[in-house]
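Remarks on the structure that follows.
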Amino acid sequence: MNIAELFENEIKPRFQSSDELLFHRHIVREIIKKYDTEDITEVLNLVISTIKQEDYISLRIMKALIDILLRMEDEQPIAVEKIESVYLTSIERGYEHIKAIFISPPPVMVADPRDFEEWDVELCKVTLGERKSFAKRMDRRMIERLLKDPNPDVIRILLLNPRLFESDVIALGARRPNFGSVLMEIYMSYRWKHNRRVIHTLVRNPYTPPVLSIKLTYLLPRTELIQVLNDTELHPAIRDVARYMLK
């Protein structure tokens with residue numbers, strides 16, 4: 571069985587029965603364990619190629635892989651070793667479009683902590699524990715104030731607040747300057763990581779750590795890829811992925 575047949579007949583059908591990300595992550599882990607490095611590399615090549623054709627199964631696979639790569643500390647050593655081998659194989663085969671998924675270059679813009687010393691005249695004097703408690707309140711005024719909090723622990727709790735709206739999260743994701751740790755929390759929040767507008771916003775913010783924004787670029791539709799390609803403020807690696815996905 572060649573790689574194309576393996577992909578179509580054995581791998582893709584496993585992702586059709588559920589749209590649950592946790593389930594997809596489990597399947598990707600099984601694939602990583604079962605197949606050799608060369609086969610995984612070629613399957614990943616097919617995943618990226620079919621994402622270009624807006625194949626929803628390939629998008630599911632990529633989202634699950636992204637989640638795994640962003641939480642490598644949670645993976646078993648054998649899986650980490652296999653993933654590292656896929657990265658090296660992609661380099662050997664000249665697959666720059668695969669290599670980019672694994673890289674973590676420094677951001678083009680980094681926030682200065684001094685810009686956030688007085689983000690709220692009153693709340694910046696309140697303890698972290700109290701602010702985390704405030705983040706659970708259903709008080710819209712407090713939510714709006716805490717959206718300026720530079721601490722990722724506060725933002726992590728705030729992102730779960732039922733009174734937080736999509737427009738709030740998009741504004742937070744677009745804010746400049748911003749801390750990379752805060753922007754990472756937005757995508758790590760299960761409530762918001764599937765939101766297409768939020769994903770696009772994170773990719774377009776040059777303060778988003780490239781380890782995240784490069785990966786998310788693979789998930790963008792063509793119209794948004796064009797915007798990314800033309801955005802000179804973004805990391806060159808992000809624009810390179812956009813360029814490849816537009817071919």
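Residue numbers (the working numbering): 571 to 817. Cβ coordinates follow ideal geometry from the N, Cα and C atoms, glycine included.
C-beta contact flag for residue i and residue j at 8 Å
i, j, result
"L837", "L640", "Here the chain comprises residues numbered 571 to 817, so residue 837 is not present and cannot be evaluated."
"I818", "V739", "In the structure displayed, the chain extends from 571 to 817; residue 818 sits before or after that span and is not available."
"R774", "V752", "no"
"V598", "I631", "yes"
"I673", "A807", "yes"
"L742", "L717", "yes"
"V678", "K702", "no"
"F577", "L616", "yes"
"E736", "R766", "no"
Option in the options with minimal Cα separation from residue i
i, options, result
"K785", "F735, A670, L795", "A670"
"A750", "L734, R733, P722, F735", "It is worth fixing the name first, because residue 750 is Gly in this sequence and not Ala. G750 has its Cα closest to that of P722, out of L734, R733, P722, F735."
"D637", "M754, L799, P776", "M754"
"I653", "E608, Q623, K582, P747", "E608"
"Y665", "A681, D685, I610", "I610"
"H594", "V798, M758, I627, R761", "I627"
"P879", "P676, N731, T793, Y760", "Absent from the structure is residue 879, since the part of the chain shown begins at 571 and ends at 817."
"P683", "P747, N765, H805, S588", "P747"
"A681", "E575, N800, P779", "P779"
Rounded straight-line distance, which links the Cα of residue j to that of residue i
i, j, result
"H770", "T787", "8 Å"
"P791", "V696", "42 Å"
"V656", "E803", "30 Å"
"A812", "I796", "7 Å"
"R711", "E612", "51 Å"
"L729", "S759", "7 Å"
"V650", "M642", "7 Å"
"A825", "R761", "Because the chain here runs from 571 to 817, residue 825 falls outside it and cannot be looked at."
"A574", "K582", "11 Å"
"E645", "A634", "13 Å"
"L629", "T659", "22 Å"
"R663", "R715", "50 Å"
"F704", "R726", "12 Å"
"D625", "V691", "49 Å"
"N579", "L789", "23 Å"
"I602", "L592", "16 Å"
Neighbourhood of residue i by C-beta, 8 Å cutoff - its chain only, sequence neighbours within 5 removed
i, result
"I661", "K669"
"K604", "none"
"P732", "M708"
As assigned by DSSP and simplified to three states, the class of residue i
i, result
"R707", "coil"
"H764", "coil"
"G743", "helix"
"F822", "Missing from the structure shown is residue 822; the chain here goes from 571 to 817 and no further."
"I671", "helix"
"L693", "helix"
"P732", "coil"
"K785", "helix"
"K718", "coil"
"V680", "coil"
"E687", "coil"
"G750", "helix"
"G699", "helix"
Sequence-distant residues of the same chain with beta carbon closer than 6 Å to residue i, five excluded per side
i, result
"Y814", "H667"
"S587", "none"
Beta-carbon contacts of residue i that lie in its chain and below 7 Å, excluding the five residues immediately before and after
i, result
"P720", "F686, W689, F749, V752"
"L734", "I713, L728"
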